[in-house]
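Protein chains in written order, with this note's numbering: chain A, 1 to 114; chain B, 1 to 122. Built from N, CA and C at the ideal position, the CB exists for glycine as well.
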């Protein structure tokens, strides 16, 4: 079974621009979670989607948004990029997003904001 | 609120040494799940183990073993006879049982520790 895939793997943007990252979950998984990883803050939860609905959201500004499509693929969008948005963005999929489920992670998208 | 602490920021050992990575957690829930993930330089988080709060049996998988103690809120990870390929960042994570309350749900949320960088020298 193919794992979680994320595109693109690397991205360079400038301040003020917007960016869209994509995540394809493991086949059959319906829950997708997004995390931001930075050296200073570590791994932080952004949001979770299930059946095209956002069910949970972390403590991030409204510039961070996401969506999920009917095939469970998910995108996250960051508008008006700031230097502090430079990070590794990881997406994880699980069967239902329940706490009993194991989350499987993709390779991440490394975003650099100049 | 839940919290995971990995007090060891970096550990350096020589190949074949045993090494233990510490993890201490805080939660008000009686039902919760603990995880360990490995992050090699490629960046992908690799799942290692999941343990629920009702199962305090230690687990061994090859050179890996885990010691879960509810009395001390700890879930430590030991690598026996370490190898250079074990070099990575290791994360402990906590997932609480889904609930609906004024604070929202806990769907799909893992709370991670800060990670421990393990370097195994040949």
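query, result
"Given that residue 45 (chain B) touches chain A, what residues does it touch there, using C-beta distances under 7 Å?", "90 and 105"
"Would you say residue 51 (chain A) lies against chain B (beta-carbon separation less than 7 Å)?", "no"
"Could you check where the beta strand (DSSP E) with residue 38 (chain B) kicks off and where it finishes?", "32 to 39"
"Under 7 Å, Cβ to Cβ, is there at least one residue of chain B near residue 59 (chain A)?", "no"
"So what's residue 85 (chain B) in DSSP terms, helix, strand or just coil?", "helix"
"What three-state label does DSSP hand residue 71 (chain B) in the structure shown?", "helix"
"Determine the chain A residues that contact residue 114 (chain B) at a beta-carbon separation under 7 Å, and present them in chain order.", "42"
"Out of B:2, B:65 and B:113, which one is the CA nearest neighbour of residue 29 (chain B)?", "B:2"
"Just how far apart, CA to CA, sit residue 28 (chain A) and residue 104 (chain A)?", "13 Å"
"Check residue 21 (chain A) in the structure and name its three-state DSSP category.", "strand"
"So, is the C-beta of residue 56 (chain A) closer than 7 Å to a C-beta in chain B?", "yes"
"Which bits of chain B does residue 100 (chain A) rub up against, with CB to CB less than 7 Å?", "33"
"Beta-carbon of residue 33 (chain A) versus every beta-carbon of chain B: anything under 7 Å?", "yes"
"So which residues of chain B does residue 108 (chain A) contact, with C-beta pairs closer than 8 Å?", "43 and 44"
"Please report the residue range of the beta strand (DSSP E) in which residue 23 (chain B) lies.", "Unbroken run through residue 23 (chain B): none, as it is neither H nor E."
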